Structure formats: structure tokens, C-alpha cells
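Residue numbers (my numbering), protein chains in the order written: chain W, 7 to 290; chain L, 12 to 245.
Shown next, in C-alpha cells, is the structure this report addresses.
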Amino acid sequence: MDIYLLEAIINGILLGGVLALLALGLNLIFGVIDVVWIAYADIVMCGMYALYFLYAQYGVPLPLACVITIVGVSGLGVLVHLLIIAPVLDSPPLNQLLATGGLLFFLQSFATLLFGTDFRNIGVRLPVLEIATMYVSFARLIAFAVGLIGAVALYLFLKRTYVGTAIRAIAQDREIVALMGIDQRRIYIVVSAIGGALAGLAACLLALQYDVHPFIGNTFGPVIFIICVLGGLGNMIGGFIAAFVISQIIAIGGYYGSTELSYVFAFTFFIVLMLIRPRGLFAP
Amino acid sequence: MLSLAAVSAGYGSFQALFGVSLDVSRGEAVGVIGPNGAGKTTLMRVISGIIPMREGAMTFEGRSIGGLPAHHVVEQGIAHVPENRRLFPRLSVEENLRIGAFIPTARARFHEQLDWVYDLFPRLKDRRSQLAGTMSGGEQQMCAIARALMSRPKVLLMDEPSAGLAPLVVSQVFELVRKIRGEGLTVLIVEQNVQQVLEVVDRAYLLEVGAIRLSGTAAELKGNSFIRAAYMGL
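So this is what it looks like as C-alpha cells:
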């Protein structure tokens, strides 16, 4: 096989790690709260700015800056839930979409107002590894590994703890969990905090690879959505796998065409698949 | 132990219960019988707090539970086995039981309670890692009862435990009710299967169009000519 194609495939797998993390967060929120956070990628953008300012401007050590970012974005997730989602929980889905869609424009405009449209880089230069004449970005390798660790941690939390089990239960029967002493509102807050934390973690990983600017969310937001729909909205394992399918298409498409064209391939694949399997790749 | 005085409730502009009064003493098994749409399920849901009470008073062990949200009612010691079982179908049997023990007091003694429930229903132990939705109706009912028992309740509310089950399985379910009584639990059970429920309860109330029409001991109701004609087909 062509060594450059192999390199593209490996980079595709590595890209999939971060996308999978974001797909997990979005699917968790959708599956449990039944609301789509249209502005999810822009919450990630807020996290990237947080890391940029903490580390590049104020000199906070990188690991500490990452922890603060994750905790901060987790708190932002809770705020988004309490201020924007909770009041429209009983409204028609369209109104909910408008509310979280409004948040998207608010965050992008607010970031533009505060920080301007400059591209900012946190300035961490990680080496590019040369493995058997293939070039693999170390930043991507870290992002992939941490993304996987995050996914496994989330899995264990959902599988092993009482609150995690309650989160899975509430996604299956919203009404009846109260009979088991579970306060739905509290579970929603926990889920929003986890969704936020995953966005914060993804922000740290993405900031290592990309410049931050107010519209960075537009570059990967739509991709996360097609991943979630492809995997079946709310289906966490489906979304996780779909993240790697899409990242592979983007990587291999980029190898044969160009980066811009690779997104055309990914969305074409998505549209065709939606015609064949409207409920996603893994629908029964 | 559990006492309702002139309780009214409903959904929107529809009133389902009109001044229902009812008492359950410690260790007793009490039935609520009546036709479809009489308000039996509403009654259960009002007690467990899923539907708010509109008027009247509700006390449990002398404390008022009217207006308490459902997730606090369980903590008082009232567990509800809902109509149609309502298991979490894509969780395993044991995960369903774990959810049943969500409240802190139950969580602290989870393993002890799990052993007790498995002793009571050995079938569930065999199926512990099976997805709850893939079991037979009777087994699911068993699991739903076990899930409620995991909260270490003082009173068990059972809503139509025999609904949708084959006749042979229905007998098994009533056998389970008897078994639970044998463990000293207080039971309030709502049923359409009048003949069989009167075999396992001490007393019963007849609920019709949202109001209590008759009440008495199981033996009295079994002998009542109206009940015999209207509900037992005799």
C-alpha cells in the first residue's frame, strides 16, 4: 500500500478520537435530556479561548490550565442548561432548537466582540513523529489517546456508578425513574456538567492542533452533528464508531483530493446514507 | 399507616378522583378493585407523587405526604410497582435492581437487600445479566416487584400486576404477592382481576368513576351480590 495513504489513514484514526469525544457528549445530552445542543462546538470554542488566555497570556502551567478549562466549561454546560435549556424543556422541539441555535450566534458574536477575529495559537509546539517514514503529529496522538481515555472513563462511569446507571435509565423511561427516588432535574444538571466537561477536554486537545478564533466551531460543529445522526442520535456507541468512519472519509478524501474536497466527500456520504438508512448506520 | 382523606386529583380539566378516602394498616394487604377507567392507576400515582393531589389529605406514618414530589415519597418508605411493569428494557436485571436501590438508605445496604430479593425470586438471580426487556412477561413482573423491594419499603403499591399476563402466569404473580406478604410487608394492590385478588388481600375497596363505592373484608366482598354479578360474572 502507498505509504502516504497509510499515513492518511492513521491520521484519520487519530482525528476520530477527538470527534468521538464530542459525539459522546452531544449524544449523552440528547439521549438523556432530549435536547440538541446546536451550540456544542461553540462551547468548545469558549474552552479553547479559556485555555489560550490561561496558558498563553497568563502563564498558567499547561496541565493546570487544562484542568481549569475542563472544570470551567463543565460549569458553562450547567449554566447553559439552567438558563437556556431548562426553561424550554416542555416547549416544542423547534423552539428548543431556536434557543440553542440562538446561543450559537450569541457565543460567536460575543467572542468576536471580546477577542476580535484574530487567529490565536497557544504556541505549544509538539514534535511531528517519524514512524517508518510516515509523519504522525504528536499533538494528534495525544488527542487520540486522551480522547479514548475520556471515552473509557465515561463508559465506566455510566456502567459502574449509581448515578451513571440512573442516567442510562432516564434515557429509557423518563417518567418512572422518579419512583426510584431519582430527581430528574438533578440528573439533567449532572449530564450537562459531563457534556460540558467533555467539550472542555476536547477544547484542550483541539487547541494543541488548531488556532482558536470565534468561528472555529463552524469547522467541526457540522461534522459532529453528522456523526451523531449517522450513529443514531442518542446512540453513544453508534456515535463513537461513526466518528471514526467520518474521520476516515475526511482523511482519505483529503489524500485523494484536498482538505476542502474531503468535507464534500463526508457530507455526500452522509446524505446518501440518510437516503438509504434514515435512522442511522446502526438502527435496528 | 397510610391514610387518604377525601383526596381529589385529575389531569388538566379532567377530574379522575372525587374525594377518595382509604386506610391501610401495618402488615395489611388491601385491594382496590374496579373497572377500567375507574381511576385506580391515578390513585396509585397520586399516592406515589407522580400526579399532584388537588384536594384532601394524605398521611403516611402520621406525616403528611400530600404534595411531596415522587422522588421524596420513595424515601418515606413507599415503593410503587407501576402499571405495565415499566422496567428499563435495555438495562440488565441487576442494573434494574440497582436503580431500585438508588435512594441513600437503600444504597448503603444494597448487597444485603440484593441477596434477600434473589432468595425471594431465585429466577432473577439466574437472569441477573440478561437485558430486562428480553424476559417473559411474568419474569418482568417479578423483576418490577423486586426493583421496588430494593428500596427497602414499608408499603408496596402494586398497580395491576396481573395485566397482560397469561392465566397461568397470573396465578404465579398472585403467588408472589402472597410471598411478599409473608415477609411482613404492607401491600396496597390495584386489580381488575377481582376474583383472584380477593384471595390474597385482607380488605378491599371498590372504586367506580373516581369514588369509593363499597368497602369491606375480602370475605364480605366475595359474598356481596353486586360484586359477584358485576365483577366476578357469577
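Glycine residues also receive a C-beta, built at the ideal position from the N, C-alpha and C atoms.
Because the structure is a prediction, the values reported are computed rather than measured.
Listed along chain W is no residue with a C-beta nearer than 8 Å to that of F132 (chain L); the closest approach is about 18 Å. A contact between stretches requires three or more CB pairs, one per stretch, nearer than 8 Å, and the segment 30–40 of chain L meets this requirement with the segment 211–225 of chain L. Going by DSSP, G23 (chain L) is part of no beta strand (DSSP E) at all; its letter is neither H nor E. For H82 (chain L), the uninterrupted alpha helix (DSSP H) segment begins and ends at A81 to Q87. Of all C-beta pairs linking the segment 20–29 of chain W to the segment 144–153 of chain W, three or more are shorter than 8 Å, placing the two stretches in contact. If you look at T197 (chain L), you'll find it isn't in any alpha helix (DSSP H); it sits in the beta strand (DSSP E) that goes T197 to E202. For A175 (chain W), the chain L residues whose Cβ falls inside 7 Å of its Cβ are F99, L102 and I110, in order along the chain.
Any Cβ of chain L closer than 8 Å to the Cβ of G153 (chain W) would place that residue at the interface, and such an atom is absent. Ranked by how close their Cα comes to the Cα of L135 (chain W), the residues W:F144, W:N127 and W:I128 have W:F144 in first place. Under the 8 Å Cβ criterion, the segment 121–129 of chain W counts as touching the segment 205–217 of chain W, having at least three qualifying pairs.
Counting only Cβ-Cβ distances below 7 Å, E86 (chain L) has contacts in chain W at G187, in chain order. Classified as exposed, A177 (chain L) has fewer than 16 neighbouring CB atoms from the shown chains inside 10 Å of its CB. Every beta strand (DSSP E) stretch that sits fully inside the segment 35–84 of chain L and reaches 3 residues is listed by chain position as 40–44 and 66–71. At a cut-off of 8 Å between beta carbons, I182 (chain W) contacts chain L.
Considering only beta carbons, the part of the segment 188–206 of chain W lying closer than 7 Å to chain L consists of I188 and D189, in chain order. Between G245 (chain W) and I233 (chain W), the CB-CB gap stays under 8 Å. Rounded to the nearest whole angstrom, the C-alpha separation of V77 (chain W) and G206 (chain W) is 7 Å. Bridge pairing for M169 (chain L): L:V92 and L:I200 [DSSP].
Q178 (chain W) belongs to the set of residues whose beta carbon lies under 8 Å from a beta carbon in chain L. Around the beta carbon of K165 (chain W), fewer than 16 other beta carbons sit within 10 angstroms, so the residue counts as exposed. Residue range M242 to Y262 is occupied by the alpha helix (DSSP H) that includes Y261 (chain W).
When the Cα atoms are used, A112 (chain L) and C154 (chain L) turn out to be separated by approximately 13 Å. Contact check between the segment 41–55 of chain W and the segment 76–96 of chain W: three or more CB pairs, one atom from each, fall below 8 Å, which counts as touching. In the three-state DSSP reduction, G286 (chain W) falls in the coil class, being neither helix nor strand.
Comparing alpha-carbon positions, the option among L:L135, L:R134, L:P133 and L:L108 lying closest to H122 (chain L) turns out to be L:L108. Counting only Cβ-Cβ distances below 7 Å, A92 (chain W) has no contacts in chain L at all, with the closest Cβ about 16 Å away. Distance check between F71 (chain L) and each of L:V211, L:T197, L:E231 and L:K136 places L:T197 closest, using alpha-carbon atoms only. For I114 (chain L), the residues of chain W that pass the 7 Å Cβ criterion are G187, in the order they occur in the chain.
Annotation: the continuous beta strand (DSSP E) that includes G227 (chain L) extends over A222 to T228.
Judged by DSSP in its simplified three-state form, R126 (chain W) adopts strand. Interface annotation, I61 (chain L): in contact with chain W, CB-CB separation under 8 Å.
Residue range M140 to S143 is occupied by the beta strand (DSSP E) that includes Y141 (chain W). Within 10 angstroms of the beta-carbon of M146 (chain L) lie 16 or more other beta-carbons, which makes it buried.
With 16 or more other Cβ atoms from the protein chains shown falling within 10 Å of its own Cβ, L109 (chain W) counts as buried. The beta carbon of R118 (chain L) sits closer than 8 Å to some beta carbon of chain W.
Interface flag for Y261 (chain W) against chain L is unset, since no Cβ pair is found closer than 8 Å.
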